[in-house]
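Numbering (this note's numbering), first residue to last: 19 to 282.
Heads up, the thing below is written out as C-alpha coordinates.
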Amino acid sequence: MKTNVSILIPLQNAEKTLDHCFESIRNQTFQDFEIVCIENGSSDNSYEKIKKWQKFFSSERFRIIKNETNLGVTRALNQGLHIITAEFTARIDGDDWWEPTKLEKQVTFLENNSDYGIVGTNYINFKKNVENKITVPKTDTKIKESIIKINPFAHSCVIFRTDLIKKLGNYDEAVYMGQDYELWLRCMPYTKFYNIQEFLCHRSINGGISFERQREQMKQGIKTQMKYIKKYNLPLKNYLYIFNLLFLIITPDFIKKIKRKIFS
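Shown next, in the form of C-alpha coordinates:
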(Lines of atoms letter the chains of each structure in order from A and count residues from 1; the text may use other names and numbers.)
(Lines give C-alpha, C1' and ligand atoms only; values in the text may rest on other atoms or scores of the structure.)
Protein backbone atom coordinates (compact mmCIF):
# COMPACT_ATOMS: atom_id res chain seq x y z
CA MET A 1 0.00 0.00 0.00
CA LYS A 2 1.49 3.33 -1.10
CA THR A 3 1.39 5.97 1.62
CA ASN A 4 2.47 9.58 1.79
CA VAL A 5 4.50 9.24 5.01
CA SER A 6 6.57 6.45 6.55
CA ILE A 7 7.23 6.74 10.29
CA LEU A 8 10.68 5.27 10.97
CA ILE A 9 11.21 3.86 14.47
CA PRO A 10 14.39 2.01 15.48
CA LEU A 11 14.23 0.75 19.04
CA GLN A 12 15.79 -1.49 21.64
CA ASN A 13 14.42 -2.33 25.11
CA ALA A 14 11.64 0.25 24.95
CA GLU A 15 8.67 -1.79 26.20
CA LYS A 16 7.89 0.65 29.05
CA THR A 17 7.41 3.63 26.74
CA LEU A 18 6.13 2.13 23.48
CA ASP A 19 2.44 2.39 24.31
CA HIS A 20 2.74 6.14 24.82
CA CYS A 21 4.70 6.52 21.59
CA PHE A 22 2.29 4.48 19.45
CA GLU A 23 -0.75 6.07 21.08
CA SER A 24 0.52 9.48 19.94
CA ILE A 25 0.93 8.11 16.42
CA ARG A 26 -2.56 6.64 16.45
CA ASN A 27 -3.98 10.03 17.47
CA GLN A 28 -2.44 11.96 14.58
CA THR A 29 -4.89 14.10 12.61
CA PHE A 30 -2.95 13.09 9.49
CA GLN A 31 -3.53 9.39 8.87
CA ASP A 32 -1.96 8.64 5.46
CA PHE A 33 1.06 6.91 6.96
CA GLU A 34 2.72 3.57 7.53
CA ILE A 35 5.02 2.57 10.39
CA VAL A 36 8.40 0.96 9.73
CA CYS A 37 9.75 -0.37 13.02
CA ILE A 38 13.20 -1.90 13.45
CA GLU A 39 13.37 -4.06 16.58
CA ASN A 40 17.09 -3.95 17.25
CA GLY A 41 17.94 -6.95 19.43
CA SER A 42 15.86 -6.14 22.51
CA SER A 43 16.16 -8.29 25.63
CA ASP A 44 12.82 -7.14 27.10
CA ASN A 45 9.28 -7.57 25.71
CA SER A 46 9.53 -4.82 23.10
CA TYR A 47 8.92 -7.22 20.22
CA GLU A 48 5.73 -8.63 21.76
CA LYS A 49 4.43 -5.11 22.32
CA ILE A 50 5.26 -4.13 18.74
CA LYS A 51 3.35 -7.15 17.45
CA LYS A 52 0.32 -6.08 19.51
CA TRP A 53 0.35 -2.64 17.92
CA GLN A 54 0.88 -4.13 14.47
CA LYS A 55 -2.45 -5.92 14.86
CA PHE A 56 -4.11 -2.63 15.72
CA PHE A 57 -2.74 -0.77 12.68
CA SER A 58 -2.78 -3.85 10.37
CA SER A 59 0.28 -5.49 8.81
CA GLU A 60 -0.11 -3.38 5.66
CA ARG A 61 0.43 -0.19 7.65
CA PHE A 62 2.96 -1.55 10.15
CA ARG A 63 6.09 -3.26 8.89
CA ILE A 64 8.59 -4.83 11.28
CA ILE A 65 12.26 -5.65 10.80
CA LYS A 66 13.53 -7.83 13.64
CA ASN A 67 17.25 -7.99 14.30
CA GLU A 68 18.40 -10.78 16.61
CA THR A 69 21.34 -8.65 17.73
CA ASN A 70 21.76 -4.90 18.10
CA LEU A 71 23.19 -3.54 14.85
CA GLY A 72 23.42 0.01 16.17
CA VAL A 73 21.04 2.88 15.51
CA THR A 74 22.65 4.04 12.25
CA ARG A 75 22.46 0.66 10.51
CA ALA A 76 18.94 0.15 11.82
CA LEU A 77 17.84 3.48 10.36
CA ASN A 78 19.27 2.54 6.98
CA GLN A 79 17.54 -0.83 7.12
CA GLY A 80 14.26 1.01 7.42
CA LEU A 81 15.05 3.55 4.72
CA HIS A 82 15.91 0.72 2.33
CA ILE A 83 12.29 -0.46 2.27
CA ILE A 84 10.58 2.94 2.49
CA THR A 85 9.00 4.29 -0.69
CA ALA A 86 6.77 7.02 0.78
CA GLU A 87 7.33 10.61 -0.29
CA PHE A 88 8.14 11.71 3.24
CA THR A 89 9.84 9.98 6.17
CA ALA A 90 9.17 11.00 9.78
CA ARG A 91 11.46 9.95 12.62
CA ILE A 92 10.58 9.09 16.19
CA ASP A 93 12.25 7.12 18.97
CA GLY A 94 10.34 4.60 21.05
CA ASP A 95 10.44 6.73 24.21
CA ASP A 96 9.21 9.95 22.58
CA TRP A 97 5.73 11.12 21.56
CA TRP A 98 3.97 13.71 19.38
CA GLU A 99 1.17 16.21 19.59
CA PRO A 100 -1.84 15.18 17.41
CA THR A 101 -1.31 17.82 14.69
CA LYS A 102 2.43 17.26 14.30
CA LEU A 103 2.43 15.27 11.06
CA GLU A 104 -0.38 17.26 9.48
CA LYS A 105 1.39 20.58 9.93
CA GLN A 106 4.72 19.29 8.65
CA VAL A 107 3.26 17.51 5.61
CA THR A 108 1.22 20.60 4.71
CA PHE A 109 4.35 22.73 4.87
CA LEU A 110 6.35 20.36 2.65
CA GLU A 111 3.55 19.99 0.12
CA ASN A 112 3.35 23.78 -0.20
CA ASN A 113 7.11 24.44 -0.25
CA SER A 114 8.86 22.12 -2.70
CA ASP A 115 12.32 23.65 -2.11
CA TYR A 116 12.33 22.55 1.53
CA GLY A 117 13.57 19.06 2.35
CA ILE A 118 13.72 18.86 6.15
CA VAL A 119 11.20 20.25 8.63
CA GLY A 120 11.42 20.07 12.41
CA THR A 121 9.55 21.62 15.33
CA ASN A 122 10.14 23.08 18.74
CA TYR A 123 10.11 20.39 21.41
CA ILE A 124 9.84 19.66 25.10
CA ASN A 125 12.42 17.59 26.96
CA PHE A 126 11.30 15.62 30.01
CA LYS A 127 13.88 14.62 32.59
CA LYS A 128 12.79 13.25 35.97
CA ASN A 129 9.33 14.70 35.25
CA VAL A 130 10.80 18.18 34.81
CA GLU A 131 9.73 19.94 31.61
CA ASN A 132 12.20 21.97 29.55
CA LYS A 133 10.90 23.75 26.46
CA ILE A 134 13.42 24.02 23.62
CA THR A 135 12.93 26.67 20.93
CA VAL A 136 14.95 26.05 17.76
CA PRO A 137 15.80 28.50 14.94
CA LYS A 138 12.92 28.89 12.49
CA THR A 139 14.09 29.97 9.05
CA ASP A 140 16.51 28.39 6.61
CA THR A 141 18.88 31.32 7.05
CA LYS A 142 18.87 31.14 10.86
CA ILE A 143 19.21 27.36 10.87
CA LYS A 144 22.19 27.39 8.52
CA GLU A 145 23.83 30.20 10.49
CA SER A 146 23.70 28.12 13.67
CA ILE A 147 24.13 24.55 12.40
CA ILE A 148 27.90 24.39 12.87
CA LYS A 149 27.47 25.56 16.46
CA ILE A 150 24.64 23.20 17.46
CA ASN A 151 22.28 20.62 16.00
CA PRO A 152 19.16 22.64 15.00
CA PHE A 153 16.83 19.62 14.81
CA ALA A 154 15.79 17.04 17.40
CA HIS A 155 15.75 13.70 15.60
CA SER A 156 12.26 12.69 16.78
CA CYS A 157 10.89 16.00 15.50
CA VAL A 158 11.94 15.85 11.87
CA ILE A 159 10.21 14.84 8.68
CA PHE A 160 12.20 14.79 5.45
CA ARG A 161 11.82 14.08 1.75
CA THR A 162 12.77 10.45 1.36
CA ASP A 163 14.30 10.80 -2.10
CA LEU A 164 16.59 13.63 -0.89
CA ILE A 165 18.10 11.47 1.84
CA LYS A 166 18.44 8.44 -0.42
CA LYS A 167 20.20 10.47 -3.12
CA LEU A 168 22.72 11.63 -0.52
CA GLY A 169 23.46 8.07 0.62
CA ASN A 170 21.23 7.77 3.70
CA TYR A 171 22.80 7.89 7.16
CA ASP A 172 26.58 7.50 7.30
CA GLU A 173 27.21 4.09 8.90
CA ALA A 174 30.69 5.17 9.96
CA VAL A 175 28.98 7.56 12.41
CA TYR A 176 27.67 5.62 15.41
CA MET A 177 26.43 8.59 17.46
CA GLY A 178 25.08 11.90 16.21
CA GLN A 179 24.26 10.35 12.84
CA ASP A 180 21.39 12.80 12.38
CA TYR A 181 23.63 15.85 12.87
CA GLU A 182 26.07 14.57 10.26
CA LEU A 183 23.18 14.01 7.84
CA TRP A 184 21.74 17.52 8.24
CA LEU A 185 25.16 19.04 7.57
CA ARG A 186 25.55 16.87 4.49
CA CYS A 187 22.14 18.03 3.23
CA MET A 188 22.86 21.73 3.73
CA PRO A 189 23.84 22.69 0.13
CA TYR A 190 21.02 20.70 -1.45
CA THR A 191 17.85 21.84 0.29
CA LYS A 192 16.20 24.35 2.61
CA PHE A 193 15.47 23.77 6.29
CA TYR A 194 12.58 24.92 8.47
CA ASN A 195 11.38 24.53 12.05
CA ILE A 196 7.70 24.98 12.93
CA GLN A 197 7.57 27.20 15.99
CA GLU A 198 5.20 25.03 17.98
CA PHE A 199 6.02 22.46 20.67
CA LEU A 200 4.79 19.42 18.75
CA CYS A 201 7.28 16.81 19.99
CA HIS A 202 8.06 15.48 23.45
CA ARG A 203 11.38 13.81 24.23
CA SER A 204 12.06 11.61 27.24
CA ILE A 205 15.61 11.81 28.53
CA ASN A 206 15.01 10.17 31.91
CA GLY A 207 17.35 7.30 31.20
CA GLY A 208 20.48 9.37 31.08
CA ILE A 209 23.84 8.26 29.69
CA SER A 210 27.24 7.61 31.21
CA PHE A 211 29.97 10.22 31.30
CA GLU A 212 32.05 8.04 28.98
CA ARG A 213 29.24 7.90 26.42
CA GLN A 214 28.78 11.66 26.70
CA ARG A 215 32.47 12.07 26.00
CA GLU A 216 32.23 9.84 22.92
CA GLN A 217 29.24 11.81 21.66
CA MET A 218 31.13 15.07 22.05
CA LYS A 219 34.17 13.64 20.24
CA GLN A 220 31.96 12.58 17.36
CA GLY A 221 30.32 16.02 17.31
CA ILE A 222 33.71 17.67 17.02
CA LYS A 223 34.73 15.36 14.16
CA THR A 224 31.52 16.19 12.33
CA GLN A 225 31.91 19.93 12.86
CA MET A 226 35.53 19.94 11.70
CA LYS A 227 34.67 17.83 8.64
CA TYR A 228 32.07 20.25 7.38
CA ILE A 229 33.87 23.44 8.32
CA LYS A 230 36.65 22.20 6.05
CA LYS A 231 34.36 20.79 3.34
CA TYR A 232 32.35 23.99 2.99
CA ASN A 233 35.36 26.32 3.42
CA LEU A 234 33.65 28.10 6.30
CA PRO A 235 35.35 31.01 8.09
CA LEU A 236 37.97 30.08 10.67
CA LYS A 237 35.86 31.64 13.44
CA ASN A 238 33.63 28.55 13.25
CA TYR A 239 36.37 26.55 14.95
CA LEU A 240 35.63 28.58 18.09
CA TYR A 241 32.38 26.67 18.47
CA ILE A 242 34.20 23.42 19.16
CA PHE A 243 36.32 24.81 22.01
CA ASN A 244 33.51 24.38 24.53
CA LEU A 245 33.15 20.72 23.60
CA LEU A 246 36.91 20.24 23.83
CA PHE A 247 36.89 21.77 27.30
CA LEU A 248 34.10 19.44 28.41
CA ILE A 249 35.98 16.42 27.07
CA ILE A 250 39.13 17.18 29.05
CA THR A 251 37.26 18.16 32.24
CA PRO A 252 37.63 15.38 34.85
CA ASP A 253 34.48 13.42 35.62
CA PHE A 254 34.48 14.36 39.33
CA ILE A 255 34.23 18.06 38.41
CA LYS A 256 31.30 17.30 36.10
CA LYS A 257 29.58 15.40 38.92
CA ILE A 258 30.04 18.31 41.31
CA LYS A 259 28.72 20.75 38.69
CA ARG A 260 25.67 18.57 38.07
CA LYS A 261 24.89 18.34 41.78
CA ILE A 262 25.12 22.11 42.14
CA PHE A 263 22.88 22.91 39.17
CA SER A 264 20.46 19.94 39.26
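Glycine included, each C-beta is placed from N, C-alpha and C at the ideal position.
Small disclaimer: the values here were computed from a predicted structure and weren't measured.
Across the set Tyr199, Arg231, Thr209, the C-alpha of Tyr199 shows the shortest separation from the C-alpha of Met244.
In the DSSP annotation of this structure, Tyr212 is not part of any alpha helix (DSSP H); the continuous beta strand (DSSP E) holding it starts and ends at 210-222. Note that the segment 127-146 does not touch the segment 54-71; fewer than 3 beta-carbon pairs, one per stretch, sit closer than 8 angstroms. Nearest to Leu182 by C-alpha distance, out of Asn31, Leu201, Trp115, is Leu201. Apart from the 5 residues on each side of it in sequence, Phe127 sits with its Cβ closer than 8 angstroms to the Cβ of Tyr134, Val137, Tyr212, Ile214 in its chain, given in chain order.
Closest by C-alpha distance to Pro207, out of Glu117, Lys167, Leu252, Ala172, is Leu252. Under a 10 Å Cβ-count criterion, Ile168 is classified as exposed, with fewer than 16 other Cβ atoms of the shown protein chains found around its own Cβ. For Asn188, no beta strand (DSSP E) run applies, since DSSP gives it neither H nor E. In the three-state scheme derived from DSSP, where H, G and I count as helix and E and B as strand, Tyr250 is classed as coil. Rounded to whole angstroms, the Cβ separation of Phe171 and Ser222 is 17 angstroms, and the two are not in contact under 8 angstroms. Lys248 and Lys255 have their C-alpha atoms spaced approximately 12 angstroms apart. Thr21 and Ala94 have their alpha carbons spaced roughly 21 angstroms apart.
In this chain, the beta strand (DSSP E) harbouring Leu29 covers 23-29. Proximity of the segment 37-49 to the segment 105-114 meets the contact definition, three or more beta-carbon pairs being nearer than 8 angstroms. Burial check for Val176: the Cβ neighbour count within 10 Å reaches 16 or more, so the residue is buried. Comparing alpha-carbon positions, the option among Lys185, Asn150, Ser61, His220 lying closest to Glu86 turns out to be Ser61. The beta carbon of Arg81 sits closer than 8 angstroms to the beta carbons of Glu52, Ile53, Val54, Cys55, Ile101 from its chain, once the five residues preceding and following it are set aside; these are given in chain order. For Glu149, there is no enclosing alpha helix (DSSP H); the residue is part of the beta strand (DSSP E) that begins and ends at 148-152.
In the three-state scheme derived from DSSP, where H, G and I count as helix and E and B as strand, Val91 is classed as helix. Burial check for Asn147: the Cβ neighbour count within 10 Å stays below 16, so the residue is exposed.
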